[in-house]
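Visitor:
Number of protein chains: 4
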Amino acid sequence: MTYIPYRDPNSIVMLAGPCAVESLEQTQEVAVMLKEQGLRWIRGGAFKPRTSRYSFQGLGEQGLAILQQVGAEQGLKTITEVIDTPHAEMVHSYVDALQIGARNMTSYSLLKKVSAITGESHKPVLFKRGMAATIDEWLMAADYVTADGNPYVMLCERGLRTFETSTRYTLDISAVPVVHQRSLFPVCVDVSHPAGQASLVPDLARAAIAAGADALMIEVHPNPKQAKSDGPQQLTCQQFVDLLASLRHLAAAMGKTII
Amino acid sequence: MTYIPYRDPNSIVMLAGPCAVESLEQTQEVAVMLKEQGLRWIRGGAFKPRTSRYSFQGLGEQGLAILQQVGAEQGLKTITEVIDTPHAEMVHSYVDALQIGARNMTSYSLLKKVSAITGESHKPVLFKRGMAATIDEWLMAADYVTADGNPYVMLCERGLRTFETSTRYTLDISAVPVVHQRSLFPVCVDVSHPAGQASLVPDLARAAIAAGADALMIEVHPNPKQAKSDGPQQLTCQQFVDLLASLRHLAAAMGKTII
Amino acid sequence: MTYIPYRDPNSIVMLAGPCAVESLEQTQEVAVMLKEQGLRWIRGGAFKPRTSRYSFQGLGEQGLAILQQVGAEQGLKTITEVIDTPHAEMVHSYVDALQIGARNMTSYSLLKKVSAITGESHKPVLFKRGMAATIDEWLMAADYVTADGNPYVMLCERGLRTFETSTRYTLDISAVPVVHQRSLFPVCVDVSHPAGQASLVPDLARAAIAAGADALMIEVHPNPKQAKSDGPQQLTCQQFVDLLASLRHLAAAMGKTII
Amino acid sequence: MTYIPYRDPNSIVMLAGPCAVESLEQTQEVAVMLKEQGLRWIRGGAFKPRTSRYSFQGLGEQGLAILQQVGAEQGLKTITEVIDTPHAEMVHSYVDALQIGARNMTSYSLLKKVSAITGESHKPVLFKRGMAATIDEWLMAADYVTADGNPYVMLCERGLRTFETSTRYTLDISAVPVVHQRSLFPVCVDVSHPAGQASLVPDLARAAIAAGADALMIEVHPNPKQAKSDGPQQLTCQQFVDLLASLRHLAAAMGKTII
């Protein structure tokens, strides 16, 4: 492995924002809240990998432009998912960090492309675990992403496909300490996707912090009931603000600050 | 459901002790430490369900007598696993609480028997989730245990059988809030079995507390390398003492005391 | 391992009958059909392990008496499930073979009891795989069953618990050749439980024969819509007769006869 | 769905060949054998998705040229995997049919690209199920492939990721009848990948035919021990010839011919 790690033992990075960028207003509303809360990043999907081709596929480049504008307005860094090699450079040009989603963990051509691009720019890459990938396979796949020397790669646990149906995916909380034992990668936990419902997000977020997560990804939407994707698992802005207070308290007990 | 719940929002019960009662000295050494730490319970297996019939099967009734003696010496309550209906009353007579293990979650005759016995005595029952049971199936199986009116039944998550091999089982941390949403049962998390190795136990224990667990089960052995079962996942007494301090700190941040 | 195998390379044993013995008439109707088809065995549950304690739990000893009577009337051998050690001898006294169900694969006390009883009687035991058991764990558990020298133990694959919901369980058809490679046990395939619906039973039954199964277990009911358990997966008598013709044809192509 | 099905109730298509095209000689040796056996297709990988980036990644376009040449020499149709959108048209230009692999089942951009290209050419597409995909998700993903009107799409079951380690993947044989019930797609079964070892391939191949498969995919290599990928699961040419005779016999009993 060629990466240089950037784990910060005293900080937890919060990557919050809407599942999908749906409009300028929607994204601005979340961004203003994030800025007020003293956070540094906003996430938002422009190209959405959807199970059904009849579902909302994202605003595409228009969504990237909105995310870029809103980030500039509020002084927030931006992260979004890249789902295909032909668009990789375009997506890369709009944002501060790239995300590779669980459904593409084994799209090795995409991994190579992202490695090549970010090997020069050194923009951070958030690399999600596939829903049926072992941790060893995930670490091996990360080798594709770090191959060209980008030191800023973070892994992201987001839940496994199991038989349990109470949750959308089974969050493998053990992945946090296991990855820390086996590598120098920082580990993010996406708590929204495994939860599948907003009411479970707070407990999972607290568990992730207690397990040692270096970052959290949480979906927030001004009006989840109107969301064009994954509405049930998105928090309202107020729910997020309340949760953040609780998380800051817990993080403080562990000697960490949420940024 | 007929039970009367006993969730205590301000306490976390620690159920620690050796995987198996192996000798009086071994059990005493752990018990003295637990008492010194201000804890109230000791666990230890006398009848062990083992994958191979050639593995150590536990000391049987002799192990129960040791556990009872050590509990009395130190003023600790005792909990052990019951694995068969014909022994249920005998096991029940030696201890303060019964545990039904994951491998017997669907041994409905055993569940009925434990329900009948503890329906009179009201001794607590710790009811573990099967490694391939959905939460709904687990709650339905709990109905067998509470059928005769014992109000002191606690559910215990101990990890799912999945494809991941880095850990012995995949701890389903989401089970804690899901059970809390769907029932009034308190929820214990056995962190030793999913970990499968001592080095992962601390992070999982912290995660369990943060997720809202009402109790923790942790295996402790004076000399894990000499343990007759599950040695790799057992903490030494010193490791446990160190971990407990960390857990008390985290629990305090959540307004809870570990007892 | 102490068993003496009895794999017969030219025969496939058919273990058909209702999920549960519900009445004399219901059991007789199936038995008459099985006898007319030239088969040798009838299966039927008297003690049913049910997910919910509010579901039909079987007729108990009355069901065993019905099964025994019907078997005697038609000259069919009988097999039923034993679910608890206290009843094991009683159940054993009524039937020609015992079945240990998937939910009890790790009820080691029950396995020891069945081993002890059948170690003397040499009545066959059908030992089902747990829904989350690896093949290695299953073979190790079989050691408990064969410990007292009963040579007539047959393993039975009945489907794994996975994320797939189109079927009730995921039939692990590979278990047939894997067990054949690793042991001398004959292998039965229960095709009704993994199917979960009657319409899938024929294709799974054909696959089991082609994979080398030594026996098949198929649930048949005179009126599946009225069945007190597992109605959707039970065949009508006519469906079974039609399927059997197809299976005999396929078996013949493999040099085997269905008995 | 827009496709026009082409299930042929009397034929089973055999898609055999090496895991990877490694050299002209290797591919020719397999092709000659396939032609002698009266088969119509040869498969071979040129772009290989590999878990580790340090593993053999395939010969790329050179491999495609070899496959094309060998196909032309022997009069065999060719099928190979396409793993990335930028190469899709190039790959498409060399072969008679495209394969989308399990690791790319949710690479929706790739699916859209293949749909667009083959919507014009009507070259067949073999669409593998992801190792953690439900059948419903797989059918929904197939909608991306058929969107542009290619009627020649075949689904391919290749095994699920489960806890069982005796086999590389757990072949979900039930997927064959379930897909037949829910759609008009023909279903192929790749028996080599779930087996993970050559010794299990024959029983799985027979099971697939008995379950109603419309096609089989089997890996064959002149010298599996020297194979650059997946050696343990590839058959020798002689093993394949022997197996084919057995399969033809079984297929005949079902009124089908292997082509």
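Chains as they are written, first to last, in numbering that gives the first Met the number 0: chain W, 0 to 258; chain V, 0 to 258; chain S, 0 to 258; chain C, 0 to 258. Positions of the beta carbon are idealized from the N, C-alpha and C atoms, including for glycine. Quick caveat: nothing in here was measured; it's all calculated off a predicted structure.
Considering only C-alpha positions, which residue in the set W/SER182, W/MET130, W/VAL81 is nearest to W/LEU109?
Guide: For the residues W/SER182, W/MET130, W/VAL81, the minimum Cα distance to W/LEU109 belongs to W/VAL81.
Visitor: For S/ILE3, count neighbouring C-beta atoms within 10 Å of its own C-beta (all shown protein chains included) and say buried if the count is 16 or more, exposed if not.
Guide: The predicted position of S/ILE3 is uncertain, since its pLDDT is 45 and thus under 50; a value taken from the coordinates is nonetheless stated next. S/ILE3 should be labelled exposed.
Visitor: Considering only the alpha carbon of each residue, which of V/TYR53, V/VAL178, V/VAL69, V/THR50 lies closest to V/GLU136?
Guide: Checking every option, the nearest Cα to that of V/GLU136 belongs to V/VAL178.
Visitor: Just verifying my parser: in three-state terms, what is the DSSP assignment at V/ASP189?
Guide: If DSSP states are grouped into helix, strand and coil, V/ASP189 belongs with the strands.
Visitor: C/PHE239 versus chain S: which residues are under 9 Å apart at the beta carbon?
Guide: Near C/PHE239 there are no residues of chain S at all, since even the closest Cβ is about 17 Å away, more than 9 Å.
Visitor: Excluding the 5 residues preceding and the 5 following W/LEU249 in the sequence, name in chain order all residues of the same chain whose CB lies nearer than 6 Å to its CB.
Guide: Around W/LEU249: ARG205, ILE208.
Visitor: Could you say if the stretch 232 to 244 of chain S and the stretch 191 to 205 of chain S meet the contact criterion of at least three C-beta pairs nearer than 8 Å?
Guide: Contact holds: three or more Cβ-Cβ distances are below 8 Å.
Visitor: Could you pull out every residue in the same chain whose Cβ sits closer than 8 Å to the Cβ of S/ILE258, ignoring the five residues on either side in sequence?
Guide: The answer, listed in chain order, is SER10, ILE11, VAL12, MET13, GLY37, LEU38, ARG39.
Visitor: Suppose you measure from the CA of C/GLY70 to the CA of C/LEU97; what does that come to, to the nearest Å?
Guide: In a straight line, the C-alpha of C/GLY70 is about 14 Å away from that of C/LEU97.
Visitor: Can you name the start and end residues of the alpha helix (DSSP H) that S/LEU109 belongs to?
Guide: Taken as a continuous stretch (DSSP letters only), the alpha helix (DSSP H) holding S/LEU109 covers 107 to 120.
Visitor: I think W/SER173 touches W/GLN232, with their Cβ atoms under 8 Å apart; what is that distance to the nearest whole Å?
Guide: Not a contact, Cβ separation roughly 22 Å.
Visitor: Name the chain S residues that come within less than 7 Å of W/ARG160, Cβ to Cβ?
Guide: Correct list: PHE162.
Visitor: At what residues does the alpha helix (DSSP H) containing W/ALA177 begin and finish?
Guide: Sequence check: residue 177 of chain W is Val here, not Ala. Run containing W/VAL177: 174 to 181, per the alpha helix (DSSP H) assignment.
Visitor: What are the residues in the stretch 88 to 116 of chain S lying within 7 Å of chain V by C-beta distance?
Guide: Against chain V - using a Cβ distance shorter than 7 Å - the residues of the stretch 88 to 116 of chain S are ARG102, ASN103, THR105, SER106, TYR107, SER108.
Visitor: Spell out whether any CB of chain V is found under 8 Å from the CB atom of W/ALA206.
Guide: Chain V, which has a Cβ nearer than 8 Å to the Cβ of W/ALA206, makes this yes.
Visitor: Taking only three categories from DSSP, how would you classify S/SER92?
Guide: Reduced to three states, the DSSP call for S/SER92 is helix.
Visitor: Within the continuous alpha helix (DSSP H) that includes W/ILE208, where are the two ends?
Guide: Where W/ILE208 is concerned, the enclosing alpha helix (DSSP H) stretches over 200 to 209.
Visitor: Does the beta carbon of S/GLU136 sit closer than 8 Å to a beta carbon anywhere in chain V?
Guide: True, the Cβ-Cβ gap to chain V drops below 8 Å.
Visitor: Rounding to the nearest angstrom, what Cα-Cα distance links W/SER106 and C/MET104 in this structure?
Guide: Distance between the alpha carbons of W/SER106 and C/MET104: 10 Å.
Visitor: Using beta carbons (cut-off 8 Å, strictly below), is V/THR133 in contact with chain W?
Guide: Chain W, which has a Cβ nearer than 8 Å to the Cβ of V/THR133, makes this yes.
Visitor: For the beta strand (DSSP E) containing W/ARG42, name the first residue and the last one.
Guide: First-last of the beta strand (DSSP E) with W/ARG42: 40 to 42.
Visitor: Identify, in the order they occur along the chain, each residue of the same chain with its Cβ nearer than 8 Å to the Cβ of V/VAL186, setting aside the five sequence neighbours on each side.
Guide: Here the set comprises MET153, LEU154, CYS155, GLU156, ALA174, VAL175, VAL178, HIS179, GLY211, ALA212, ASP213, ALA214.
Visitor: Determine the DSSP secondary structure at V/LYS224, reduced to helix, strand or coil.
Guide: Note: V/LYS224 maps to helix in three-state DSSP.
Visitor: Return the CA-CA distance between C/LEU242 and C/ASP7, expressed in angstroms with no decimal places.
Guide: C-alpha separation (whole angstroms): 22 Å.
Visitor: For the stretch 66 to 89 of chain W, enumerate the residues whose C-beta is nearer than 9 Å to any C-beta of chain C, in chain order.
Guide: Answer set for the stretch 66 to 89 of chain W: ILE82, ASP83, THR84, PRO85, HIS86.
Visitor: Using a Cβ cut-off of 8 Å (strictly closer), state whether C/GLN232 contacts chain S.
Guide: Chain S contact via Cβ: absent.
Visitor: Taking only three categories from DSSP, how would you classify C/GLY16?
Guide: Strand.
Visitor: Would you report the Cα separation of S/ALA132 and V/ALA115, rounded to the nearest angstrom?
Guide: So the two alpha carbons sit approximately 30 Å from each other.
Visitor: Looking at C-alpha atoms only, which residue of W/ILE65, W/VAL113, W/GLN61, W/ILE78 is the closest neighbour of W/GLU218?
Guide: It is W/ILE78.
Visitor: Can you name the start and end residues of the alpha helix (DSSP H) that C/MET32 belongs to?
Guide: Residues 23 to 35.
Visitor: At the level of alpha carbons, what is the spacing between V/CYS18 and V/HIS86?
Guide: C-alpha separation (whole angstroms): 19 Å.
Visitor: Go ahead and label V/THR256 buried or exposed: buried means 16 or more other beta carbons lie within 10 angstroms of its beta carbon, across all protein chains shown.
Guide: V/THR256 is exposed by the Cβ-count criterion.
Visitor: What's the call for C/HIS220, buried or exposed, on a 16-neighbour Cβ count within 10 Å?
Guide: Buried: at least 16 other Cβ atoms inside 10 Å.
Visitor: CA-CA distance, V/VAL94 and V/ARG128?
Guide: Cα to Cα, the separation comes out at about 21 Å.
Visitor: Looking at the structure shown, is W/VAL152 part of a helix, part of a strand, or coil, going by DSSP?
Guide: Three-state result, W/VAL152: strand.
Visitor: Compare the C-alpha of W/GLY118 against each of W/LEU234, W/LEU58, W/ILE134, W/GLU88 and name the closest.
Guide: Measuring from the Cα of W/GLY118, the nearest candidate turns out to be W/GLU88.
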